[in-house]
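Below: one structure, written as structure tokens.
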Amino acid sequence: MDAVQHVFKGTFIHSTPRCDCEILEDHILGVDTAGKIVFFEDAQKQSKLAQKWKFDESDIQELGKNEFFMPGMIDTHIHAPQYTFIGTGMERPLLEWLEYTTFPIEDTFSDVEIASNIYRTVVRRTLKFGTTTACYFATIHTDASIVLADTASQYGQRAFIGKVCMDHNDVYEKYCETSEESIRETERFVEALKKKKYDRVKPIITPRFAISCSERLLNELGKLANEHDLHIQSHISESPAEIKEVLRLFPGYKNYTEVYNRNKLLTNKTVMAHGCYLTNEELHVFRERGAAISHCPNSNISLCSGHLDVQNALNHRVKMGLGTDVAGGYSMSLLDTIRKAIEASKIIFMERSKSERYNNETEKEQKKNVMPEGINADDQNGILQFEKKVLSYKEAFRLATMGGSEALSIDHLTGNFEVGKEFDALLINPDAIDSPFEVFSDISKEELLQRFLYLGDDRNIRAVYVAGRCVVPFPSNA
Ligand code: GUN
Ligand code: ZN
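Okay, so the sequence shown: first residue is 1 according to the working numbering, each after it adds one.
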């Protein structure tokens, strides 16, 4: 039995298998020196727990009245090198954006010094914004990708690091590898990371997307992932032009999902970004394989790629997490992703209701000016209907935490405050001195959470823990 290193008392909010948003007030949680949650109980049991776990009750860290702990957020899809140009260049659609903005900048990461400056900034910024786990794309450069892994490990972030694989690039030929290089360098990358024996940083096999990989490369990467039991990430069905090009390049495959599936790249350790245009048949394959979708609504909107119908994917019981997709997405913060996910689902709902109404001329006459856009006047319970069909803030909260851990198949390690998991957590202070919102009166914990999710930012994140280690505020020497 490891000794207890932290005991916290106050309010904890997390998702459980049965509840998107469980709020536990006046609870007490202990973390051992290995970073694991060893007890999580009603605070009435404090004295008994103190005896059993041999801690001094005066060492308990008590939260302020409005403070609460929530699980650390999980970014299931982020391009670390693209932080260089975040917030710029989004006037072009995906394929042109890759050609004119992304590839030229990623190419400069052959210089390890450029890479290490940006990567240090990215890891610090994401941690400060509450991202305790990040699933990163780096670039095609192995040494710079190793630097990203070193940096995440040094700052204590839980991370998957992908050395990007591309053996086909018609539009920016300089930024490309041969198939042999791509395979050899991926092997070197995986071996290098294994040797480092990081606690919480792992390699992830990363074919960029089907357009930038030959069938042979996809096949070899699939084999490699399976041989070493590695995670896999890529992009899928993000934009109509991209899908058209994939089907042109891979005429022997019936759809985009088949391109990855037949090359053994869809496993229960796979996370595919976007998936806006996946058909129900393709979603079914995802479900069967246990592969996950990283929902990246900021990027989907910013690059005018499309919308993912989250509810439909969830109804197909496909695992799902959220992704910032920096810098197709312009925000490093998963709080932004939560908001965009809710808004994107409301846009789909309104558009659908509108077209349903206009498809029926008689109905159109009857309902004109009766109900606001988006609410189906035909349904006596318009609001109920609305609640069922749009993503709630509680569901979005789950996607950002437990959903992400399921998507990355690390839900046995993190994602909520279950005893036995590692303590990845954010200490939220809604009353921070420079908070971007006010708490005027006694409001419920549920309302506090909503305010934070809709209005809060890093100023409200008083501390960030990964596996029990306090990683934000940064140590003075970091
Ligand atoms: N598809 C292939 N590469 C990329 C990328 O860097 N960003 C996004 N959003 N989609 C991609
Ligand atoms: Zn991406």
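Beta carbons: idealized from backbone N, C-alpha and C, even for Gly.
From residue i to residue j, what does the alpha carbon distance come to, in whole angstroms?
| i | j | result |
| --- | --- | --- |
| residue 422 | residue 34 | 8 Å |
| residue 425 | residue 404 | 14 Å |
| residue 322 | residue 294 | 5 Å |
| residue 379 | residue 353 | Below a pLDDT of 50, predicted positions are generally treated as unreliable, and residue 379, at 49, falls in that range; the measurement from the model is reported next regardless. Going from the Cα of residue 379 to the Cα of residue 353 covers about 11 Å. |
| residue 250 | residue 257 | 11 Å |
| residue 324 | residue 413 | 22 Å |
| residue 199 | residue 149 | 11 Å |
| residue 284 | residue 314 | 11 Å |
| residue 377 | residue 50 | Because the pLDDT at residue 377 is just 48, under 50, the model does not fix this residue reliably, and the point stays unresolved. |
| residue 29 | residue 96 | 50 Å |
| residue 337 | residue 59 | 36 Å |
| residue 445 | residue 453 | 12 Å |
| residue 252 | residue 348 | 33 Å |
| residue 54 | residue 341 | 44 Å |
| residue 209 | residue 303 | 16 Å |
| residue 458 | residue 173 | 40 Å |
| residue 358 | residue 300 | 26 Å |
| residue 471 | residue 27 | 23 Å |
| residue 261 | residue 48 | 53 Å |
| residue 339 | residue 298 | 9 Å |
| residue 181 | residue 218 | 13 Å |
| residue 443 | residue 468 | 29 Å |
| residue 475 | residue 434 | 22 Å |
| residue 72 | residue 211 | 34 Å |
| residue 248 | residue 415 | 40 Å |
| residue 477 | residue 216 | 46 Å |
| residue 224 | residue 268 | 15 Å |
With C-beta atoms as the reference, is residue i less than 8 Å away from residue j?
| i | j | result |
| --- | --- | --- |
| residue 140 | residue 192 | no |
| residue 479 | residue 157 | Since the first and last residues shown for the chain are 1 and 478, residue 479 lies out of range. |
| residue 206 | residue 162 | yes |
| residue 101 | residue 87 | no |
| residue 438 | residue 319 | no |
| residue 68 | residue 11 | yes |
| residue 334 | residue 400 | yes |
| residue 94 | residue 238 | yes |
| residue 63 | residue 9 | yes |
| residue 233 | residue 296 | no |
| residue 316 | residue 287 | yes |
| residue 5 | residue 32 | yes |
| residue 408 | residue 271 | yes |
| residue 449 | residue 66 | no |
| residue 190 | residue 228 | yes |
| residue 222 | residue 263 | yes |
| residue 462 | residue 429 | yes |
Mapping the DSSP letters down to three states, classify residue i as helix, strand or coil.
| i | result |
| --- | --- |
| residue 303 | coil |
| residue 321 | strand |
| residue 70 | strand |
| residue 243 | helix |
| residue 310 | helix |
| residue 16 | coil |
| residue 279 | coil |
| residue 502 | Since the displayed the chain opens at 1 and closes at 478, residue 502 lies outside it and no answer follows. |
| residue 397 | helix |
| residue 380 | Confidence at residue 380 is low in this model, with a pLDDT of 44, below 50, so its placement is unreliable and the value that follows should be read with caution. Residue state, collapsed to three classes: coil. |
| residue 90 | coil |
| residue 438 | coil |
| residue 418 | coil |
| residue 350 | helix |
| residue 64 | coil |
| residue 40 | strand |
| residue 28 | strand |
| residue 326 | strand |
| residue 316 | coil |
| residue 456 | coil |
Under 7 Å Cβ to Cβ from residue i, same chain only, skipping five residues before and after it: list those, please.
| i | result |
| --- | --- |
| residue 19 | none |
| residue 112 | 143, 144 and 147 |
| residue 213 | 165, 166, 167, 168 and 207 |
| residue 138 | 80, 81, 144, 145, 148, 161, 162, 163 and 164 |
| residue 307 | 276, 300, 344, 347 and 348 |
Here's a check: name, in chain order, each residue in its chain whose Cβ is nearer than 6 Å to the Cβ of residue i, leaving out the five neighbours to either side.
| i | result |
| --- | --- |
| residue 419 | 37 and 40 |
| residue 202 | 160 |
| residue 482 | Nothing about residue 482 can be reported from this structure: the residues present for the chain run from 1 to 478 only. |
| residue 116 | 147 |
| residue 24 | 12 |
| residue 153 | 198 and 201 |
| residue 105 | 84 and 85 |
Tell me which same chain residues have a C-beta within less than 8 Å of the C-beta of residue i, skipping the five on either side of it?
| i | result |
| --- | --- |
| residue 177 | 140, 165, 166, 167 and 185 |
Nearest chain B C-beta to residue i closer than 8 Å, yes or no?
| i | result |
| --- | --- |
| residue 186 | Absent here is chain B; the protein component of the structure consists of one chain. |
> Using the beta carbon as the reference atom, which residues fall closer than 5 Å to any heavy atom of the ligand GTP, ordered along the chain?
Replying inline: Judged by which ligands are present, the ligand GTP is missing from the structure shown, whose ligands are the ligand GUN and the ligand ZN.
> Fully enclosed by the segment 114 to 154, which beta strand (DSSP E) runs are 3 residues long or longer?
Replying inline: 131 to 137
> Whole alpha helix (DSSP H) runs in the segment 159 to 237 with 4 or more residues, listed along the chain?
Replying inline: 179 to 196 and 215 to 228
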